[in-house]
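Novice: Submitted below is the structure of interest, expressed as structure tokens.
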Amino acid sequence: MGDSLRFDGKVVVVTGAGGGLGKTYALLFASRGASVVVNDLGTSHTGEGAGSKAADLVVEEIKKAGGKAAANYDSVENGEAIIKTAIDNFGRVDIVINNAGILRDVSFVKMKQADWDLIYKVHLHGAYSVTKAAWPYMRDQGFGRVIMTSSAAGLYGNFGQANYSAMKLALVGFAKTLAAEGKSRNIHVNTIAPVAGTRMTATVMPPELIEALKPEFVSPLVAFLCHESTPGNFYDVSKGLTPEAIRDNWAKDSKQAPSAPAAKAAGGNENVDPSQVVGFEFPVTKVQYTEKEVMLYALSIGAAKNPTDPAELKFAYENSDGFSVLPTFGVTFPNFSNVLSIPGLKFNPMMLLHGEQYLEIRKPIPVNATLTNHGRVKHLYDKGKGALLVVEADTKDEKGEVVVHNESYLFIRGIGGFGGERGPSGNENQPPNRAPDAVHKEKTRDNEALVYRLASGDMNPLHADPSMAAMGGFDRPILHGLCSFGYASRAVLKHFCDNDPANFKDVKVRFSKHVFPGETLVTEMWKEGDKVIFQCKVEERGEYCITNAAVTVSSAASSSSASASAAAAAASSAPAFKAEAVLNNLSKLLDVAGEAVVKKVNGIYHFHITDGPNGAKESWVVDLKTGPKGTITRGAPTKPVGVTLTLGDDSFQQLFSGKLNAQQAFMQGKLKIKGDMGLATKLGELIKQQAKL
Numbered sequence: 001m002g003d004s005l006r007f008d009g010k011v012v013v014v015t016g017a018g019g020g021l022g023k024t025y026a027l028l029f030a031s032r033g034a035s036v037v038v039n040d041l042g043t044s045h046t047g048e049g050a051g052s053k054a055a056d057l058v059v060e061e062i063k064k065a066g067g068k069a070a071a072n073y074d075s076v077e078n079g080e081a082i083i084k085t086a087i088d089n090f091g092r093v094d095i096v097i098n099n100a101g102i103l104r105d106v107s108f109v110k111m112k113q114a115d116w117d118l119i120y121k122v123h124l125h126g127a128y129s130v131t132k133a134a135w136p137y138m139r140d141q142g143f144g145r146v147i148m149t150s151s152a153a154g155l156y157g158n159f160g161q162a163n164y165s166a167m168k169l170a171l172v173g174f175a176k177t178l179a180a181e182g183k184s185r186n187i188h189v190n191t192i193a194p195v196a197g198t199r200m201t202a203t204v205m206p207p208e209l210i211e212a213l214k215p216e217f218v219s220p221l222v223a224f225l226c227h228e229s230t231p232g233n234f235y236d237v238s239k240g241l242t243p244e245a246i247r248d249n250w251a252k253d254s255k256q257a258p259s260a261p262a263a264k265a266a267g268g269n270e271n272v273d274p275s276q277v278v279g280f281e282f283p284v285t286k287v288q289y290t291e292k293e294v295m296l297y298a299l300s301i302g303a304a305k306n307p308t309d310p311a312e313l314k315f316a317y318e319n320s321d322g323f324s325v326l327p328t329f330g331v332t333f334p335n336f337s338n339v340l341s342i343p344g345l346k347f348n349p350m351m352l353l354h355g356e357q358y359l360e361i362r363k364p365i366p367v368n369a370t371l372t373n374h375g376r377v378k379h380l381y382d383k384g385k386g387a388l389l390v391v392e393a394d395t396k397d398e399k400g401e402v403v404v405h406n407e408s409y410l411f412i413r414g415i416g417g418f419g420g421e422r423g424p425s426g427n428e429n430q431p432p433n434r435a436p437d438a439v440h441k442e443k444t445r446d447n448e449a450l451v452y453r454l455a456s457g458d459m460n461p462l463h464a465d466p467s468m469a470a471m472g473g474f475d476r477p478i479l480h481g482l483c484s485f486g487y488a489s490r491a492v493l494k495h496f497c498d499n500d501p502a503n504f505k506d507v508k509v510r511f512s513k514h515v516f517p518g519e520t521l522v523t524e525m526w527k528e529g530d531k532v533i534f535q536c537k538v539e540e541r542g543e544y545c546i547t548n549a550a551v552t553v554s555s556a557a558s559s560s561s562a563s564a565s566a567a568a569a570a571a572s573s574a575p576a577f578k579a580e581a582v583l584n585n586l587s588k589l590l591d592v593a594g595e596a597v598v599k600k601v602n603g604i605y606h607f608h609i610t611d612g613p614n615g616a617k618e619s620w621v622v623d624l625k626t627g628p629k630g631t632i633t634r635g636a637p638t639k640p641v642g643v644t645l646t647l648g649d650d651s652f653q654q655l656f657s658g659k660l661n662a663q664q665a666f667m668q669g670k671l672k673i674k675g676d677m678g679l680a681t682k683l684g685e686l687i688k689q690q691a692k693l
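Under the UniProt record's numbering, read the sequence shown as residues 1 to 693, first letter to last.
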């Protein structure tokens with residue numbers, strides 16, 4: 001491999017070096033003899049706050065290892081102060097790594113001037129300011145190396161990142177010009193477009209990809225570019241090497257032409273070759289577990305909160321009568337972390353989202369076993385602006401028989417338009433237009449995510465580290481989507497499968513919103529033939545975290561399960577809303593006189609009911625516009641409404657019984673109206689129809 005690349009006597013300035021890529025740069029250069037200025041303002045990934053801790057910790061780590069470093073806490077807008085730290089402490093500056101960055105993601109139509117300006121100030125102006133301050137020193141000493149940091153969003157664009165993409169691509173042109181101007185003075189300027197698992201990608205990358213794209217895998221190229229004479233260029237970095245390996249293979253690796261990605265991106269088809277993608281088989285992986293893992297998983301999704309309930313204890317105690325495995329344990333078996341290895345599919349992992357999950361139970365899941373996963377790409381659909389990748393896995397026992405079958409629906413933004421099949425509609429498993437047959441309410445524990453990560457193996461720090469959650473825009477760690485999936489599936493198992501896993505055949509869900517540990521999950525269920533349609537709502541926020549979901553139940557399940565579950569729901573859940581009875585009666589009236597009411601009203605009402613049982617909130621949509629007789633549905637609106645009326649449960653009942661006047665309720669603050677006031681005045685027509693009952 002040849003002599004190692006050293007930086008003895010060189011002074012390196014790294015901006016944004018308190019964590020992620022910047023930290024790995026600082027540590028690598030220091031380990032190879034350089035004196036390092038560790039700059040970090042200490043903000044969140046959205047540019048909020050400030051502090052010295054991040055930079056101080058990196059400096060401390062370098063010094064403990066015998067290296068030389070100094071901290072700087074200035075914003076990159078103040079480049080002169082940053083470079084002054086290098087001059088004051090080490091007497092020179094040789095290398096500048098412009099790495100500092102923040103995100104302010106928002107669609108262009110919603111973008112505010114501050115969102116644009118802040119990204120400009122940090123990314124583009126910040127790189128200008130620091131480089132401008134260092135340039136005279138580099139010019140006078142006849143040596144300098146500058147690294148600009150672009151990204152895939154700058155090269156290819158990314159929805160919701162017009163500000164970020166613009167600045168990242170601007171840095172490419174900036175670097176090319178500086179490379180031309182600095183060449184005669186031995187100042188080389190290069191641009192990289194790294195892909196790495198950092199605090200800014202933790203919210204959009206699966207944990208397996210974060211692990212596979214460690215920042216440490218990017219820094220060797222940066223070290224090489226700062227050590228050797230190289231032309232101005234940009235490099236897409238997402239694989240792990242050493243500086244020496246890059247040097248020794250430079251003739252081959254540097255054939256990556258700078259104009260190639262931009263030219264290919266114009267066509268839109270260069271990222272996807274369906275003939276290579278569909279049917280690709282992943283390497284076979286092994287899964288081993290014992291009763292201990294089975295029980296830990298059950299506890300992690302809320303089972304046996306009442307340890308004296310034998311129907312629940314059988315999932316959490318190995319000596320219980322009928323000790324069984326919860327069906328959703330099977331979702332933890334496959335691992336699709338190597339989706340980046342699929343041939344014919346090029347994408348930025350930041351663009352990948354886990355949208356839906358399907359699990360089918362083919363055989364009873366053993367309480368302890370050694371199984372193997374056999375995964376492949378099942379489908380690739382062209383969704384226009386993105387692609388829907390469906391990966392499946394058969395998990396087999398030692399006899400080669402399939403125990404469970406999993407399908408993960410992964411949406412990849414920015415690589416659509418390749419001319420493939422669009423795929424099925426996403427409107428399946430819609431709840432019917434009636435009150436749920438069963439409702440199950442269950443509060444998650446405050447430490448739920450900490451337990452689930454141990455049970456499932458999903459160790460993404462977003463679910464455990466408050467600082468990582470804050471960087472992701474959350475005020476505390478969020479719950480795993482598959483944990484909410486487990487909670488909701490348990491509700492169906494209890495109410496429609498007699499708590500017997502043998503009656504639970506398959507389940508499919510769509511992930512719609514996040515959940516915080518400690519929040520209450522309300523699962524609403526409707527029995528439709530051999531299917532149980534369900535959706536799961538966060539009670540405290542009134543938002544649905546799981547939608548378009550269904551479980552197929554076995555014909556062996558008790559035919560009385562729906563009525564039994566309704567009774568169980570009444571016992572285990574909060575009492576029904578008073579508004580529910582009123583609207584159920586109104587629904588019956590619409591079946592008879594709906595056409596006349598629709599003709600008179602011609603509008604859509606959203607009733608947001610507060611102060612329900614135990615302080616609960618709920619929504620109902622009364623659509624007296626789109627259907628011939630009108631419809632009443634429970635849940636938040638899925639399309640625009642004419643007017644939203646917010647009032648308490650008692651006030652709603654009094655209003656429709658004639659005991660409360662709508663105008664008086666509005667004046668007293670008991671009724672809040674948002675939207676079409678004209679439509680609100682037609683509320684009397686609804687009240688009049690209700691009075692007929």
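The C-beta atom is built at its ideal place from N, Cα and C for all residues, glycine as well. From a predicted model like this one, the values you see are computed outputs, not experimental measurements.
1. Are the beta-carbon atoms of E448 and P517 separated by less than 7 Å?
2. From A265 to Y156, what distance separates their C-alpha atoms?
3. Taking buried to mean at least 16 other C-beta atoms within 10 Å of its own C-beta, is D74 buried or exposed?
4. Taking all protein chains shown into account, decide if N602 is buried (16 or more other Cβ within 10 angstroms of its Cβ) or exposed.
5. Quick check on the burial criterion: 16 or more other C-beta atoms within 10 angstroms. Buried or exposed for A26?
6. Just the C-alpha distance for R139 and A55, rounded to the nearest angstrom, thanks.
7. Quick one: Cα of T308 to Cα of Y358, how far?
8. Less than 8 Å between C-beta atoms, sequence neighbours within five positions excluded: which residues of the same chain meet that for T610?
9. So which of A502, I533, W526 and V515 has the shortest CA-CA distance to K508?
10. What residue from A133, N271 and E60 has the CA that sits closest to residue 696's CA?
11. With DSSP as the reference, label P613 as helix, strand or coil.
12. Taking the continuous alpha helix (DSSP H) assigned at F511, which residues delimit it?
13. Taking the alpha-carbon positions, what's the E61 to F29 distance?
14. Is N89 closer than 7 Å to T15 when the C-beta atoms are compared?
15. Since D623 sits in a beta bridge, which residues does DSSP pair it with?
16. Cα separation between G486 and Y452?
17. Along the chain, where does the alpha helix (DSSP H) containing Q430 start, and where does it finish?
18. Whose C-alpha, out of G420, N373, L41 and N78, is nearest the C-alpha of D273?
19. Check whether the Cβ of V402 sits closer than 6 Å to any heavy atom of the ligand HEM, and report yes or no.
20. With a Cβ-Cβ cutoff of 7 Å, do L326 and A369 count as a contact?
21. Identify every run of the alpha helix (DSSP H) within the segment 87-162, keeping only runs that are complete inside it and at least 4 residues long; order them along the chain.
22. Between which residues of its own chain and F511 is the CB-CB distance below 6 Å, once the five residues before and five after are set aside?
23. Determine the DSSP secondary structure at G386, reduced to helix, strand or coil.
24. Are the CB atoms of I301 and F347 within a distance shorter than 7 Å?
25. In this structure, does DSSP put A304 in helix, strand or coil?
26. Please say whether E524 and V391 have beta carbons closer to each other than 7 Å?
27. Is the CB-CB distance between R376 and V402 below 7 Å?
28. I need the DSSP call for P461, collapsed to helix, strand or coil.
29. Whose C-beta lies closer than 7 Å to the C-beta of residue 727 among residues of the same chain, with five residues either side of it excluded?
30. One question on the structure: do H379 and D394 come within less than 7 Å of each other, judged by their Cβ atoms?
31. Mind checking who T520 pairs with in its DSSP beta bridge?
32. Shortest alpha-carbon distance to C483 belongs to which of A596, H514 and L221?
33. Work out the CA separation of V278 and Y381 for me, nearest whole Å.
34. M459 to D500, Cα distance in whole Å?
35. Taking the C-alpha atoms as reference points, what is the distance between L479 and E595?
36. Take A166 as the anchor and find which of K176, T177 and S150 has the nearest alpha-carbon.
Specialist: Looking at the atomic coordinates:
1. To locate residue 448, count along the sequence shown from 1; it is residue 448. To locate residue 517, count along the sequence shown from 1; it is residue 517. Contact flag set, yes.
2. Looking up residue 265 in the sequence shown gives position 265. Looking up residue 156 in the sequence shown gives position 156. Note that A265 scores 34 on pLDDT, short of 50, meaning its location in the model is unreliable and no value can be drawn from it.
3. Translated into positions along the sequence shown, residue 74 becomes position 74. Per the 10 Å Cβ criterion, buried.
4. Here residue 602 refers to the residue found at position 602 when the sequence shown is read from its first residue. Looking at its Cβ environment, which holds fewer than 16 other Cβ atoms inside 10 Å, N602 is exposed.
5. Within the sequence shown, the letter at position 26 stands for residue 26. So A26 ends up on the buried side.
6. As a first step, residue 139 must be located in the sequence shown, where it is residue number 139. As a first step, residue 55 must be located in the sequence shown, where it is residue number 55. Spanning the two alpha carbons is a distance of roughly 28 Å.
7. Within the sequence shown, numbered from 1, the residue matching residue 308 stands at position 308. Within the sequence shown, numbered from 1, the residue matching residue 358 stands at position 358. About 32 Å.
8. Counting from 1 along the sequence shown, the entry for residue 610 is found at position 610. K617, T646, L647, G648 and D649, listed in sequence order.
9. Translated into the one-based positions of the sequence shown, residue 508 becomes position 508. Selected option, being the one with the closest Cα: I533.
10. Lying before the first or after the last residue shown, residue 696 is absent from the chain, which here runs from 1 to 693.
11. Stepping through the sequence shown from its first residue, residue 613 is reached at position 613. Residue state, collapsed to three classes: helix.
12. Taking the sequence shown and counting its residues from 1, the one referred to as residue 511 is at position 511. That residue, F511, is in no alpha helix (DSSP H); its beta strand (DSSP E) goes F504 to F511.
13. Translated into positions along the sequence shown, residue 61 becomes position 61. Translated into positions along the sequence shown, residue 29 becomes position 29. Computed Cα separation, rounded: 13 Å.
14. Residue mapping note: residue 15 aligns to position 15 of the sequence shown, counting from 1. Residue mapping note: residue 89 aligns to position 89 of the sequence shown, counting from 1. Their beta carbons are not under 7 Å apart, which means T15 does not touch N89 by this criterion.
15. Locating residue 623 in the sequence shown gives position 623, where the first residue counts as 1. D623 is bridged to I604 and T631.
16. In the sequence shown, counting from the first residue as 1, residue 486 sits at position 486. In the sequence shown, counting from the first residue as 1, residue 452 sits at position 452. Spanning the two alpha carbons is a distance of roughly 10 Å.
17. Numbered from its first residue, the sequence shown carries residue 430 at position 430. From DSSP, Q430 is part of no alpha helix (DSSP H); its letter is neither H nor E.
18. Here the question's residue 273 lines up with position 273 in the sequence shown. Here the closest residue by C-alpha is G420.
19. Of the ligands one can find in the structure shown there are none, so the ligand HEM has no counterpart to examine.
20. For the purposes of this step, residue 326 is taken as residue 326 along the sequence shown, with counting starting at 1. For the purposes of this step, residue 369 is taken as residue 369 along the sequence shown, with counting starting at 1. Contact: no.
21. 113-119, 126-141 and 152-156
22. Mapped onto the sequence shown, residue 511 falls at position 511. Only G481 meet the Cβ criterion.
23. Residue 386 sits at position 386 when you count from the first residue of the sequence shown. G386 falls in the strand class under three-state DSSP.
24. What you label residue 347 is simply residue 347 of the sequence shown in a count that begins at 1. What you label residue 301 is simply residue 301 of the sequence shown in a count that begins at 1. In this structure, I301 does not lie closer than 7 Å to F347 by Cβ.
25. One-based indexing of the sequence shown puts residue 304 at position 304. Coil, per DSSP.
26. In the sequence shown, the residue the question calls residue 391 occupies position 391. In the sequence shown, the residue the question calls residue 524 occupies position 524. In this structure, E524 does not lie closer than 7 Å to V391 by Cβ.
27. For the purposes of this step, residue 376 is identified with residue 376 of the sequence shown, where counting begins at 1. For the purposes of this step, residue 402 is identified with residue 402 of the sequence shown, where counting begins at 1. Not in contact: R376 and V402 (Cβ atoms no closer than 7 Å).
28. Here residue 461 refers to the residue found at position 461 when the sequence shown is read from its first residue. Looking at P461 - three-state DSSP - the assignment turns out to be helix.
29. Because the chain here runs from 1 to 693, residue 727 falls outside it and cannot be looked at.
30. Here residue 379 corresponds to residue number 379 of the sequence shown, with the count starting at 1. Here residue 394 corresponds to residue number 394 of the sequence shown, with the count starting at 1. Not closer than 7 Å, so no.
31. Position 520 of the sequence shown holds residue 520. BP columns for T520 point to K443.
32. The residue given as residue 483 occupies position 483 in the sequence shown. When each option's Cα is compared against that of C483, the closest is H514.
33. For this step, residue 381 is matched to residue 381 along the sequence shown. For this step, residue 278 is matched to residue 278 along the sequence shown. Answer to the nearest angstrom: the Cα atoms are 10 Å apart.
34. On the sequence shown, residue 459 is found 459 positions in, with the first residue counted as 1. On the sequence shown, residue 500 is found 500 positions in, with the first residue counted as 1. Straight-line Cα distance between these residues: approximately 30 Å.
35. By one-based count along the sequence shown, residue 479 stands at place 479. By one-based count along the sequence shown, residue 595 stands at place 595. Cα to Cα, the separation comes out at about 45 Å.
36. To locate residue 166, count along the sequence shown from 1; it is residue 166. For A166, the nearest C-alpha among the options comes from S150.
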